[in-house]
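J.: Below is a structure I'd like to ask you about.
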Amino acid sequence: MRVGVVVLPQFPAVETRRRWKSLEDRGFAHGWTYDHLAWRDLADEPWYATVTTLAVAAGATSTLKLGTWVISPNFRHPVTFAKELMSLDDIAGGDGRLIAAIGAGGLGWDSAVLGRENLPPKERVDRLTEFLALTDLLLRQPETSWKGKYFTAERARMVPSGSRARIPLVMAGSGPRSVRLAAGHDGWATTGPDGDLTADAWWERLASLVTTFEAAAVEIGRDPALISRYLSLDAAPGYSFTDPGSFTAAAVRARALGFTDLVIHWPRSTKTFAGDETVLDRIAEMLVDGQYLD
């Protein structure tokens, strides 16, 4: 399994460059950042823009994969987002370093900030499906027109069209419907089941989601073993940076469920994701070419 780290977009450019270069130097496979305008108990702390942060990361690294965890349609449009992806891909070298994980958009800061009404869960997944379809078209061709329920494009230009290496569009989801739909995309990203669960109950429900995903892949003629699966390990009860043993125990369970990639969070000193930064080095020491093999 490949292992990557989320670096929250909270730092000025100099520190951002240092952290992302550190991930590459430590041997992690990929780095990620959140796509929010403000987030939970960190809403009044510094918080920078997602694509700009990844542009800084791209300039500071040369081999590290760069990902969005995860893009929110709450405040984005596929036309502008695809243009940003095209530009970011060029900054990153155009050789397949980007991973665009895209979710339905939750309720909270991002859904309220523009004064729009909150959509019910079904409509948020409908919007996500349309967002992915239009973004994919935009990245494939020089001109795109589209008239959907949630998004419209009138002769949207994408020049130069097409990345030198296709940018994978990964569907994020933790509900049965979004998990089924993810089987038709370039990958599935998940934070696992919601709710106040014990560790065993959380992993049992995650196994059920995996079964749903694999069945959906088979139904559309795809081999589920060939589709990338990204798991946010810190969404499970317990935190990776409590100690290396916490990481390894969870990694073993994730591998047994067929996950190809694990995503953990750079530890903060306080509040959400508070942990011991020295554990980051100890986890890195377990990796071979960015992969956890034990």
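Oh and the sequence shown: position 174 is 304 in our numbering, straight run, nothing missing. Even for Gly, the Cβ is constructed at its ideal location relative to N, Cα and C. Fair warning: this is a prediction, and the values are worked out from it, not measured in the lab.
1. CA-CA distance, Y280 and L138?
2. Where in the segment 284-348 do unbroken runs of the beta strand (DSSP E), each at least 3 residues long, occur, reported from the N-terminal end onward?
3. Taking only three categories from DSSP, how would you classify W162?
4. Exposed or buried, V186, counting other C-beta atoms within 10 Å across all chains shown (16 or more means buried)?
5. Just to confirm the assignment, what range does the alpha helix (DSSP H) spanning S152 have?
6. Nearest by alpha-carbon distance to F211: which of S192, A168, K252 and L268 is it?
7. Which whole-angstrom value describes the C-beta separation of V95 and S308, a residue pair presumed to lie in contact below a C-beta threshold of 8 Å?
8. Quick check: the Cα distance between L228 and R149, rounded to an integer number of angstroms?
9. For I357, which three-state DSSP category applies?
10. Could you spell out where the alpha helix (DSSP H) holding R398 opens and where it closes?
11. Terminal residues of the continuous alpha helix (DSSP H) containing R257?
12. Quick check on DSSP: helix, strand or coil for I229?
13. Could you have a look at L213 and say whether DSSP puts it in helix, strand or coil?
14. Please confirm whether S275 and A283 have their CB atoms less than 8 Å apart.
15. Consult DSSP for I413 and reduce its assignment to one of helix, strand or coil.
16. From the DSSP output, in three-state form, read off T193 for me.
17. Which whole-angstrom value is the C-beta distance of L392 and L363, which I expect to be below 8 Å?
18. Can you tell me whether DSSP reads W239 as helix, strand or coil?
19. Do three or more CB pairs link the segment 197-208 to the segment 229-241 at distances below 8 Å?
20. Could you pull out every residue in the same chain whose Cβ sits closer than 6 Å to the Cβ of V456, ignoring the five residues on either side in sequence?
21. Which partner residues does K279 have in the DSSP bridge list?
22. What do you reckon, are the CB atoms on L299 and A379 nearer than 8 Å?
23. Ignore the nearest five residues each way along the sequence and tell me which others in W332's own chain have a CB closer than 7 Å to its CB.
24. Is S202 helix, strand or coil by DSSP?
25. Hey, how far is the Cα of G245 from the Cα of D165?
26. Use the C-beta contact count for V181: other C-beta atoms within 10 angstroms, 16 or more gives buried, fewer gives exposed.
27. If I follow the unbroken beta strand (DSSP E) through R132, where does it start and stop?
28. Please report the distance separating the alpha-carbon of M416 from that of R132.
29. Return helix, strand or coil for D219, following the three-state DSSP convention.
T.: According to the structure shown:
1. 29 Å
2. 299-302 and 317-320
3. strand
4. buried
5. A143 to R156
6. L268
7. Because the chain spans 131 through 424 in this model, residue 95 falls outside it and cannot be assessed.
8. 18 Å
9. coil
10. Neither: R398 is in no alpha helix (DSSP H) and is coded neither H nor E.
11. P251 to R270
12. strand
13. Note that residue 213 is Lys in the sequence shown here, rather than Leu. Of the three classes helix, strand and coil, the one that applies to K213 here is helix, per DSSP.
14. yes
15. helix
16. coil
17. 5 Å
18. helix
19. yes
20. Lying before the first or after the last residue shown, residue 456 is absent from the chain, which here runs from 131 to 424.
21. According to DSSP, which records beta bridges pairwise, K279 is partnered with nothing at all.
22. no
23. G322, P323, A366 and P367
24. coil
25. 18 Å
26. buried
27. R132 to V136
28. 11 Å
29. helix
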